[in-house]
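Trainee: Counting in this note's numbering, the sequence shown runs from 27 upward without gaps. The C-beta atom is built at its ideal place from N, Cα and C for all residues, glycine as well. This is the structure I want to talk about, given as structure tokens.
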Amino acid sequence: MSAIYYSFWLVPQEPDLAYFQDLINTLAKQFGTVSFSPHVTLYSGFLPSSLSVETVLASLSSSTPMELEVVNLNHESRFSKTLYVQLKQAFWLAQLVNDLVSAMPNVPPPQLDPHLSLLYHRLEAVTKQNLIETIVLPRTTMRFNQIQAIAAPENFETQAHVMSLRCVHSQLLTTTS
Numbered sequence: 027m028s029a030i031y032y033s034f035w036l037v038p039q040e041p042d043l044a045y046f047q048d049l050i051n052t053l054a055k056q057f058g059t060v061s062f063s064p065h066v067t068l069y070s071g072f073l074p075s076s077l078s079v080e081t082v083l084a085s086l087s088s089s090t091p092m093e094l095e096v097v098n099l100n101h102e103s104r105f106s107k108t109l110y111v112q113l114k115q116a117f118w119l120a121q122l123v124n125d126l127v128s129a130m131p132n133v134p135p136p137q138l139d140p141h142l143s144l145l146y147h148r149l150e151a152v153t154k155q156n157l158i159e160t161i162v163l164p165r166t167t168m169r170f171n172q173i174q175a176i177a178a179p180e181n182f183e184t185q186a187h188v189m190s191l192r193c194v195h196s197q198l199l200t201t202t203s
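See the structure below:
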């Protein structure tokens with residue numbers, strides 16, 4: 027059996043989860059696109075069939091819910107960064123990603139670019155800028171408490187690719203008492 031391509035996502039906790047899911051759903055309806063779950067991609071790549079996503083995520087069992095600071099709303103021409111919330115790099119995020127890739131053989135650490143996408147669609151820059159001017163974020167930080175393993179396409183450029191995203195395993199980050 028061959029390797030399967032996965033994305034590992036950091037998922038916001040409530041009330042951010044509901045707020046951003048609502049915003050993503052509204053934008054998807056407005057532009058006739060596919061909705062998706064709010065997330066920050068930690069790593070995307072092939073996972074050998076000899077290694078399960080459960081095993082990989084088990085290596086993160088001591089990770090706790092954490093917070094990232096919002097930098098700004100932004101847009102790019104890339105499909106995967108059509109419209110997004112840029113988040114500030116943090117030591118704990120780098121450590122989480124390091125722990126994640128350490129659980130997979132021969133995986134180099136990815137380039138960290140923490141962001142939460144709001145829309146995957148080809149749009150004119152002026153349209154994206156107008157959207158940025160209308161979106162009000164609820165706070166200056168976001169808390170995250172879950173990691174998901176997503177079966178994903180290797181290339182991510184179309185609505186069909188967005189539609190194909192499928193969560194295969196989810197794990198809550200533990201809280202300390």
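If Pro64 and Leu43 are in contact, beta carbons under 8 Å, what's the gap, nearest whole angstrom?
Mentor: Between Leu43 and Pro64 the Cβ distance is about 6 Å, and since that is below 8 Å, they are a contact.
Trainee: Rounded to whole angstroms, what's the CA-CA distance from Ala177 to Tyr31? Just pull it up for me.
Mentor: Approximately 6 Å between the Cα atoms of the pair.
Trainee: Check whether the Cβ atoms of Leu68 and Phe34 sit closer than 8 Å, and answer yes or no.
Mentor: It is a contact, given that the beta carbons lie within the stated cut-off.
Trainee: To the nearest angstrom, how far is it from the Cα of Leu144 to the Cα of Pro135?
Mentor: Approximately 25 Å, taken between the alpha carbons.
Trainee: Pairs of beta-carbons, one from the region 88 to 104 and one from the region 162 to 172, closer than 8 Å: are there three or more?
Mentor: These segments touch.
Trainee: Going by CA-CA distance only, name the one from Thr52, Val37 and Pro41 that's closest to Thr160.
Mentor: Among Thr52, Val37 and Pro41, the Cα nearest to that of Thr160 belongs to Thr52.
Trainee: Tell me which same chain residues have a C-beta within less than 7 Å of the C-beta of Leu157, skipping the five on either side of it?
Mentor: Answer for Leu157: Leu109, listed in chain order.
Trainee: Identify the continuous alpha helix (DSSP H) that holds Leu119 and give its terminal residues.
Mentor: Per DSSP, Leu119 belongs to the alpha helix (DSSP H) from Phe117 to Ser128.
Trainee: Taking Thr226 and Val96 to be in contact with their CB atoms under 8 Å, please state how far apart those CB atoms are, rounded to whole angstroms.
Mentor: Given a span of 27 to 203 for the chain in the structure shown, any question on residue 226 remains unanswerable.
Trainee: Taking the C-alpha atoms as reference points, what is the distance between Asp48 and Ala129?
Mentor: Distance between the alpha carbons of Asp48 and Ala129 is about 34 Å.
Trainee: Going straight from the alpha carbon of Gln185 to that of Asp125, what length do you get?
Mentor: If I take the Cα positions, the gap works out to 31 Å.
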